[in-house]
Each structure stands twice: as C-alpha cells, then as structure tokens.
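full-length UniProt numbering applies: residue 1 is where the sequence shown begins, and numbers increase by one.
C-beta: ideal position from N, C-alpha, C; glycine also.
What follows is one structure encoded as structure tokens, with my remarks underneath.
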Amino acid sequence: MTELNTQTTPIDQATWARREYFYYFTKMMPTGFTLNVDIDITATKAWLTKHDRKFNPAYLYLVTKLITKHPEFRVGQVDGQLVEYDVLHPSYSIFHGDDLSISSLWTAYDPSFEQFYQNYLADQATYGNHHTPMPKAPQSTNTYMIGSIPWTHFTSYTPLPFTPLNTFFPVIQAGRFTFKDGQWLMPLSFTIHHAVADGYHVSQFFNELQRVFDHPELWLTA
1 MTELNTQTTP IDQATWARRE YFYYFTKMMP TGFTLNVDID ITATKAWLTK
51 HDRKFNPAYL YLVTKLITKH PEFRVGQVDG QLVEYDVLHP SYSIFHGDDL
101 SISSLWTAYD PSFEQFYQNY LADQATYGNH HTPMPKAPQS TNTYMIGSIP
151 WTHFTSYTPL PFTPLNTFFP VIQAGRFTFK DGQWLMPLSF TIHHAVADGY
201 HVSQFFNELQ RVFDHPELWL TA
C-alpha cells in the first residue's frame, strides 16, 4: 500500500503572485466558476481494454497525476496558513445497486499507475459494500472531489454548495460516454474557486488532459 502523502509547503502571501487576486475573490467578490468540455477517450479506452484494466481507476489516476503538475489546484489551508500540497488524493462516489444509494470513498494517490490501481481495488474490497456516506475514515485533509455520472451525457454540470466554499481544491465530474464519428467522448466538468485559478488555468488543464488521454501509453506505464 502507498504511504499517505500529506506534505505541504507554506505559501508566503507577501510574495505570492496570486495574493491580490486571492484577496479579491475571497473578501471582495467571492467567486467560483465551472467549465465543461468533451474529452476524447478513444485511445485510453482501447489501451485499457487491451491491458484488462478498469476505466474508473485510470480516470482517477490520470486526472490526479496531472493535478500534481498544477500547483494552483493544490492550494489549501492548515491552521489558517495557506499551503501548497505536494499531491491531492481522489475522493469519489461509489453506487450501490441494491438500494440505489452512494458512498464516498477516497484512495491514496501513488505516482505508479499499477500501485494506485491496486490501492483502488483494495479500497473497493474493504469498503465497497459499506452502505454509509463515508465508510473510509478518517478522510485525508488533501482529498479533492472527482466523480462520474455514468447514466447521463451532459453539456453542463455545476455543483451548488449551500454554504460558503471552505476549500480551494477542484471539483471534477465526468458523464456518460457517447460514440460519435469513430470517437468515444466523455463530458467533463471542472469547478474551482476563482481565488486560486482563472479560466486560462482550467483551459490549459483541459488541453493537457486531452493529450494525456490521447497517449495513455506514456502515462499508464511510467
């Protein structure tokens, strides 16, 4: 199993390039935003079929690994101090077909896909049949929400919190795949606090993520 990484680096707000925007979007105009795109998953889907691997853990791994290359998406708070986490760990929902309920699980991220895959399978085996909201406790402080709604292909998905946001981590949601013109497309929604990122950052992430899904052999075998 993977040793849980919760390491942080303090952010010096006196020199942080984002400091004025952070103040503006947390104190003057608290704002978050969502962008939605379709990701072509054809190559990754074929690679996973060839190597007898499930899609969901690969999806969680690829998105999480790319987040490790984007410090703006790993900003958190520890005892009132802004920090940058080394990594985030995916927190995702599982569906119970017998009573149509869901549970929230999380799996420790590992740079190795094979190790992360085994971590995911172990969590499913241990907690997958526990019909409670959060069967795996305690939850790590550096988990982010990522999930899938496999029954619906959407063009827009926006989570609506009913209390002020207490996290700066992204919220990511996928939808049902569709096959069109020889391509498998997956809708993907990305929600983020404007204090830490702008549309440019999310757009760059989407562009990079498409390249990741185009070349799974470079990301799932490293």
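On the criterion of 16 or more Cβ atoms from any shown chain inside 10 Å, does residue i qualify as buried, or is it exposed?
i, result
"residue 74", "buried"
"residue 209", "buried"
"residue 173", "buried"
"residue 155", "exposed"
"residue 97", "exposed"
"residue 48", "buried"
"residue 20", "exposed"
"residue 76", "buried"
"residue 51", "exposed"
What's the gap between the Cα of residue i and the Cα of residue j?
i, j, result
"residue 162", "residue 171", "15 Å"
"residue 157", "residue 129", "28 Å"
"residue 235", "residue 141", "Since the first residue shown for the chain is 1 and the last is 222, residue 235 is missing from the structure and cannot be characterised."
"residue 179", "residue 185", "6 Å"
"residue 112", "residue 2", "10 Å"
"residue 215", "residue 146", "21 Å"
"residue 4", "residue 139", "11 Å"
For a test of the three-state rule: what should DSSP assign to residue i, helix, strand or coil?
i, result
"residue 131", "coil"
"residue 196", "coil"
"residue 227", "Outside the displayed range of the chain (1 to 222) lies residue 227, so it cannot be described from this structure."
"residue 203", "helix"
Should residue i and residue j be called a contact, given that it needs their Cβ atoms to be closer than 8 Å?
i, j, result
"residue 61", "residue 22", "no"
"residue 109", "residue 89", "yes"
What runs of the alpha helix (DSSP H), each 4 residues or longer, lie entirely inside the segment 82-139? 113-127
Identify every run of the alpha helix (DSSP H) within the segment 10-78, keeping only runs that are complete inside it and at least 4 residues long; order them along the chain. 19-23, 42-50, 55-67
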